[in-house]
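Engineer: This structure is in structure tokens; I'll ask about it shortly.
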Amino acid sequence: MAIAIVIILLVIASIVFHFISPWWFTEIASNWTAIDTTINITFWITGFVFVAVNGFLAYVVFRYRFNKNRRADYEPENKKLETWLTVITTIGVAALLAPGLVVWGKFVNVPDGADIFEAVGQQWHWSFRLPGKDGKMGRSAVELMSEKNPFGLDPNDPFSQDDILINSNEMHLPINRPVKALLRSKDVLHNFAVPQFRVKMDLVPGLTSYLWFTPTRQGRFELLCEELCGMAHYTMRGYVVVDSAENYQKWLDQQTTFSQSYQAKQADIQLGQQLYGSCAACHGQQAQGNKVLNAPKLAGQSIWYLKRQLSYFKNGARGSHKQDIYGQQMATMAKLLVDDEAITNVAGYINSLSQLSPAPTAANIVSKSQLIKGQKLYNNCAYCHGKLGQGNFNTNAPKLAGQDDWYLKKQLLNYQSNIRGRLKGDIYGNQMLLMSKLLHDETAIDNVIAYIGTLSKPQKPKEVNSL
Ligand SMILES: [Cu+2]
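Numbering-wise (the numbering used here), the sequence shown opens with residue -8 and increments by one.
Right, here's the structure in full:
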């Protein structure tokens, strides 16, 4: 009796929970209402079966409960019952699958005249490409990828010249126009999913997959990588902004083509040196950093990272949080760099300075057990920052080896308290913000930094390994 009541209560609780659940669909923003319909059909059918089967179970438990005057009967076969069950189950399964097939038919047939864009996934960020005025995208190949050509486009293909490259995790689309998304991965499996659009698809290295939709609602929607296998796909966030035709055109006019970015000027080190004059007061003549002024070591850092940080400081993506006192100082200085060319030049000069080894600090006198703990933690960081903390352009993660411990600590604390990595426009910082949560307390931060401290002397980590 008690069990029958528990079963009935579980059924009622499940149904109530289904309707009051906070995890409901986001409001739809595309043409794919048919997907919602199929999901609703699935819910109704499985819901009906759930109630019927559990109701029957409760009834049977109650009706045939133990009675010492009653004996169970053994009946291994029942043709009639089996036929009925088979027929009902077949109808149920067909009703589950058929609407899905109809929708799948629509999903794989892209309407004629749909716009196209390409979404490129890589560990762990998104970038995008549009075909430009000729409406055709140029050839791309993995072998052609480099710092100068991150999309790996063929510079000799006439179709690639006017391709528009969006080196950002934010893509814009005009409202009410069907669009086909071509999906390309640089490295591993990824997954393109915008919950409000209802459609999603895997990116598979070596081939181009696709999906299509018509955005029907303006707004800024989060793009997720819903790949489960592998590391850190949840940090791979982006945005799709659905604009009015007019705003879309405005955005499009600001983007640069492949030929423009491919022919961008190299850094002029001499001009960069002159510009660096105003930075030396804080960062030091050799860009060796100055703890008293909280200004980090910069020498030897990669150009792409320096350029990104300087633009961030300039446009408020870093250093505009009201608790970020040091960042604010730097933001004021970054505004002195008048344009992208100045930023490139000063970054080029800083990069050309050779990195000095870190000042002897606590990191050099830490215990071996601390280093072992630190190394364990650092294994996570190595995916992006490199085994030797050397940085990696492909994961957008800067060099950490050789950086002073006080600065590393400050930045990790800034990430953890949302001072860095949450401001609008800080695309890559957000990834690091999510990763900083791997360090559960201050001791963990100290340990990992102690280990990073050993990386600037290449023989040291081996010693730790052999323990
Ligand atoms: Cu991914």
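Glycine included, C-beta positions come from ideal geometry on N, C-alpha and C. These numbers were taken from a predicted model, which means no experiment stands behind them.
Output the boundary residues of the beta strand (DSSP E) element that contains I157.
Structural biologist: Stepping through the sequence shown from its first residue, residue 157 is reached at position 166. Start and end: 155 to 157.
Engineer: With respect to 7 Å, is the separation between the Cβ of M162 and the closest non-hydrogen atom of ligand 1 below this value?
Structural biologist: Translated into positions along the sequence shown, residue 162 becomes position 171. Checking every heavy atom of ligand 1 against the Cβ of M162, none is found closer than 7 Å.
Engineer: Is Y230 helix, strand or coil by DSSP?
Structural biologist: As a first step, residue 230 is located in the sequence shown; it is residue number 239 there, counting from the start. Strand, per DSSP.
Engineer: Can you look up M128 in the DSSP assignment and give me helix, strand or coil?
Structural biologist: For the purposes of this step, residue 128 is identified with residue 137 of the sequence shown, where counting begins at 1. Correct three-state label for M128: coil.
Engineer: Three or more beta-carbon pairs under 8 Å between the segment 169 to 178 and the segment 207 to 217, yes or no?
Structural biologist: With the cut-off at 8 Å, the segment 169 to 178 and the segment 207 to 217 do not touch.
Engineer: With DSSP as the reference, label P169 as helix, strand or coil.
Structural biologist: Start at 1 with the first residue of the sequence shown, and residue 169 comes out as number 178. DSSP places P169 in coil when its eight states are reduced to three.
Engineer: Compute the Euclidean distance between the alpha carbons of S131 and S176, then round it to the nearest angstrom.
Structural biologist: Here residue 131 refers to the residue found at position 140 of the sequence shown. Here residue 176 refers to the residue found at position 185 of the sequence shown. If you take the alpha carbons of S131 and S176, they lie about 12 Å apart.
Engineer: With burial defined as no fewer than 16 other Cβ atoms inside 10 Å of the residue's Cβ, what is the status of S235: buried or exposed?
Structural biologist: Here residue 235 corresponds to residue number 244 of the sequence shown, with the count starting at 1. Counting Cβ neighbours within 10 Å, S235 comes out exposed, since fewer than 16 surround it.
Engineer: Under 8 Å: do the segment 186 to 198 and the segment 18 to 35 share three or more Cβ pairs, one atom per stretch?
Structural biologist: Contact between the segment 186 to 198 and the segment 18 to 35 is present, because at least three Cβ pairs lie under 8 Å.
Engineer: Could you give the DSSP three-state label for H376: helix, strand or coil?
Structural biologist: In the sequence shown, counting from the first residue as 1, residue 376 sits at position 385. Helix, per DSSP.
Engineer: Any heavy atom of ligand 1 inside 7 Å of the beta-carbon of M321?
Structural biologist: Within the sequence shown, residue 321 is the residue found at index 330, counting from 1. M321: no, Cβ never under 7 Å from ligand 1.
Engineer: Near ligand 1, which residues have their beta-carbon closer than 5 Å to a heavy atom?
Structural biologist: Ordered along the chain, the selected set is H181, C216, E218, H224, M227.
Engineer: Based on the DSSP secondary-structure assignment, which residues constitute the bridge partners of Q113?
Structural biologist: Here residue 113 is taken as the residue at index 122 of the sequence shown, counted from 1. DSSP lists H116 as partners of Q113.
Engineer: Does E218 come out as helix, strand or coil in the three-state DSSP assignment?
Structural biologist: Along the sequence shown, read from residue 1 onward, the residue named residue 218 stands at position 227. If DSSP states are grouped into helix, strand and coil, E218 belongs with coil.
Engineer: How about A258 and G339: are their beta carbons less than 8 Å apart?
Structural biologist: On the sequence shown, residue 258 is found 267 positions in, with the first residue counted as 1. On the sequence shown, residue 339 is found 348 positions in, with the first residue counted as 1. Yes, these two residues count as a Cβ contact at 8 Å.
Engineer: For the segment 236 to 251 and the segment 297 to 309, state whether three or more C-beta atom pairs, one from each stretch, are separated by less than 8 Å.
Structural biologist: Short answer: they don't touch.
Engineer: What do you get for N342, buried or exposed, if any count of 16 or more other CB atoms within 10 angstroms of its CB means buried?
Structural biologist: Along the sequence shown, one-based indexing puts residue 342 at 351. Answer is buried; the Cβ neighbour count reaches 16.
Engineer: Taking just the CA atoms, how far does Y253 sit from R120?
Structural biologist: As a position in the sequence shown, residue 120 is number 129, starting the count at 1. As a position in the sequence shown, residue 253 is number 262, starting the count at 1. Looking at the two C-alpha atoms, the distance is approximately 14 Å.
Engineer: Rank D154, I294, E109 by C-alpha distance to the C-alpha of G382 and give the top, closest one.
Structural biologist: Along the sequence shown, read from residue 1 onward, the residue named residue 382 stands at position 391. Among D154, I294, E109, the Cα nearest to that of G382 is on I294.
Engineer: Would you call the segment 133 to 148 and the segment 96 to 105 in contact, with 3 or more CB pairs under 8 Å?
Structural biologist: Output reads no: the segment 96 to 105 does not touch the segment 133 to 148.
Engineer: Which residue comes first and which comes last in the beta strand (DSSP E) that contains H181?
Structural biologist: As a first step, residue 181 is located in the sequence shown; it is residue number 190 there, counting from the start. Where H181 is concerned, the enclosing beta strand (DSSP E) stretches over 181 to 184.
Engineer: Contact defined as beta carbons within less than 8 Å: I believe Y419 pairs with N370. What is the distance between those atoms, to the nearest angstrom?
Structural biologist: Looking up residue 419 in the sequence shown gives position 428. Looking up residue 370 in the sequence shown gives position 379. Y419 to N370, Cβ: 21 Å. No contact.
Engineer: At what residues does the beta strand (DSSP E) containing L202 begin and finish?
Structural biologist: On the sequence shown, residue 202 is found 211 positions in, with the first residue counted as 1. Here the beta strand (DSSP E) through L202 covers 200 to 204.
Engineer: Which one of K241, L266, I107 has the shortest CA to CA distance from N336?
Structural biologist: Position 345 of the sequence shown, counted from the start, is the residue given in the question as residue 336. Checking every option, the nearest Cα to that of N336 belongs to L266.
Engineer: Measure the CB-CB distance between Q361 and N438 and report whether it falls below 8 Å.
Structural biologist: Reading the sequence shown from its first residue, position 370 is the one you call residue 361. Reading the sequence shown from its first residue, position 447 is the one you call residue 438. Taking 8 Å as the Cβ cut-off, Q361 and N438 qualify as a contacting pair.
Engineer: Okay, do the segment 214 to 229 and the segment 109 to 119 touch, 3+ Cβ pairs below 8 Å being the bar?
Structural biologist: Touching, yes, given that three or more Cβ pairs across the two stretches are closer than 8 Å.
Engineer: For A(-5), which residues from the same chain have a beta carbon less than 6 Å from its beta carbon, with the 5 sequence-adjacent residues on both sides left out?
Structural biologist: In the sequence shown, residue -5 corresponds to position 4, counting from 1. Cβ neighbours of A(-5) beyond the five flanking positions: A49, V52, F53.
Engineer: Figure out for me which residue from G307, V195, A(-7), H181 has the closest Cα to the Cα of G229.
Structural biologist: Counting from 1 along the sequence shown, the entry for residue 229 is found at position 238. Comparing Cα positions, the closest option is H181.
Engineer: Count the other CB atoms, across all protein chains shown, that sit within 10 Å of the CB of G263; report buried if there are 16 or more and exposed otherwise.
Structural biologist: On the sequence shown, position 272 is the one that residue 263 refers to. Buried.
Engineer: Residue range of the alpha helix (DSSP H) that D396 falls in?
Structural biologist: Residue mapping note: residue 396 aligns to position 405 of the sequence shown, counting from 1. Run containing D396: 396 to 407, per the alpha helix (DSSP H) assignment.
Engineer: For V78 versus I26, is the C-beta spacing smaller than 8 Å?
Structural biologist: The sequence position of residue 78 within the sequence shown is 87, counting from 1. The sequence position of residue 26 within the sequence shown is 35, counting from 1. No. Outside cutoff.
Engineer: Out of curiosity, what's the CA-to-CA distance linking N58 and M(-8)?
Structural biologist: The residue labelled residue 58 in the question sits at position 67 within the sequence shown. The residue labelled residue -8 in the question sits at position 1 within the sequence shown. Distance between the alpha carbons of N58 and M(-8) is about 13 Å.
Engineer: With 16 as the cutoff for other CB atoms within 10 Å, does Q314 come out buried or exposed?
Structural biologist: In the sequence shown, counting from the first residue as 1, residue 314 sits at position 323. Flag for Q314 reads exposed.
Engineer: To the nearest angstrom, how far is it from the Cα of A354 to the Cα of D396?
Structural biologist: What you label residue 354 is simply residue 363 of the sequence shown in a count that begins at 1. What you label residue 396 is simply residue 405 of the sequence shown in a count that begins at 1. Because A354 sits at a pLDDT of 49, beneath the cut-off of 50, its placement in the model cannot be relied upon, and the following sentence gives the value as read from the coordinates. Answer to the nearest angstrom: the Cα atoms are 7 Å apart.
Engineer: Look at D154 and G129 and say whether their C-beta atoms are less than 8 Å apart.
Structural biologist: Locating residue 154 in the sequence shown gives position 163, counting from the first residue. Locating residue 129 in the sequence shown gives position 138, counting from the first residue. The answer is yes: Cβ separation under 8 Å.
Engineer: Cα-Cα, which of E217, N140, M162, Q292 is closest to Q152?
Structural biologist: Position 161 of the sequence shown, counted from the first residue, corresponds to residue 152. Checking every option, the nearest Cα to that of Q152 belongs to N140.
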